[in-house]
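Note that the numbering used here has the sequence shown beginning at 325, numbered continuously upward.
For reference, the structure discussed in these notes is given below.
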Amino acid sequence: MKKHTDKILDKEKGQSMFEVVVAIAIAALIVGSSVTAIVVSLRSGTANVAAQKAYGLAGQMLNNVRSYTEANWAEIYNLADKTSNGIYSFQVTATSSESTTLGIATTTEVITFSSDSAEENIEYTTWFSVENVPRSGFNVIGAGTGDPATQKITAHVSWDVGGGARAIELVQYLSKVRTLTIAFDDWSGSSGVVGPVTGPTNDYYSVTNATITSAGDITF
């Protein structure tokens, strides 16, 4: 009878050890999954912070372009590469004790955020592109002839985070709201000017035998 009891106790001990091993294995799986979830969450959080900074830079760039365009519409309108592949940024062209003058350069601008966390030390590359805007007779953007009073501005920001490349774009349409009027009386320059005038000059365009129709059209 004693031997039978000992066998039962040994069996129960064996089951207890097996249950302990299973419990440890389950606990290890739970801890491992939790650690993985924490790591993924941290990486996701870092990526979100980086994207928020990128959108902030893009928004600031659009604001800068809008302010610059209000005073320099002709310069924006006459940029050489008026496509989505154009690369422009603002660079300092002159400085003094009282002010800093910015101009448009055909290059990107690099902006770096420094942080105690290595993952948040991110380098952003920023630039903007300018495109002409077609507008239909029904005032719909996207079709028709080019509208000289509207320009499409796209802010581009790219960066690397977590070993992968990221990029965003923000688009804004700008309209010409101011007209610069200059009076001058020096006509000693060339009379063969073609295209828009971008600044004060003594060059001009002339034509003979021009006729104004009753509808207000000028023909020659």
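Glycine included, C-beta positions come from ideal geometry on N, C-alpha and C.
Strand pairing of residue i, partner residues [DSSP]
| i | result |
| --- | --- |
| residue 485 | 488 |
| residue 313 | The structure shown does not extend to residue 313, since the chain is modelled only from 325 through 544, so no value can be given for it. |
| residue 535 | 543 |
| residue 414 | 428 |
| residue 470 | 458 |
| residue 499 | 474 |
| residue 419 | 424 |
| residue 516 | 529 |
Exposed unless 16 or more other CB atoms sit within 10 angstroms - verdict on residue i
| i | result |
| --- | --- |
| residue 453 | buried |
| residue 450 | buried |
| residue 507 | exposed |
| residue 491 | exposed |
| residue 419 | exposed |
| residue 398 | exposed |
| residue 448 | buried |
| residue 477 | buried |
| residue 363 | Model confidence at residue 363 stands at a pLDDT of 45, short of 50, so the residue's coordinates are unreliable; what they give is reported in the following sentence. With fewer than 16 Cβ atoms within 10 Å of its Cβ, residue 363 is classed as exposed. |
| residue 501 | exposed |
| residue 464 | exposed |
| residue 365 | Only weak support exists for where residue 365 lies, its pLDDT of 47 falling under 50; the coordinates are left without a value. |
| residue 374 | buried |
| residue 361 | Any reading at residue 361 needs caution, since the residue's pLDDT is 46, under 50, leaving its predicted position unreliable; the model's value is listed next. Residue 361 should be labelled exposed. |
| residue 446 | buried |
Cβ-Cβ distance between residue i and residue j below 8 Å
| i | j | result |
| --- | --- | --- |
| residue 286 | residue 380 | Past the edges of the chain, shown from 325 to 544, lies residue 286, and the structure says nothing about it. |
| residue 413 | residue 431 | yes |
| residue 509 | residue 517 | no |
| residue 401 | residue 475 | yes |
| residue 525 | residue 513 | yes |
| residue 458 | residue 466 | yes |
| residue 434 | residue 426 | no |
| residue 455 | residue 499 | no |
Opening and closing residue of the alpha helix (DSSP H) in which residue i lies
| i | result |
| --- | --- |
| residue 401 | 397-401 |
Endpoints, the beta strand (DSSP E) within which residue i is located
| i | result |
| --- | --- |
| residue 427 | 424-429 |
| residue 445 | From DSSP, residue 445 is part of no beta strand (DSSP E); its letter is neither H nor E. |
| residue 407 | No beta strand (DSSP E) contains residue 407, which DSSP labels as neither H nor E. |
| residue 508 | Here residue 508 belongs to no beta strand (DSSP E), and DSSP marks it neither H nor E. |
| residue 435 | 433-437 |
Note to self: Contact between the segment 483-491 and the segment 390-403 is defined here as three or more beta-carbon pairs at a separation below 8 Å; is this criterion met?
What the structure shows: The segment 483-491 is not in contact with the segment 390-403.
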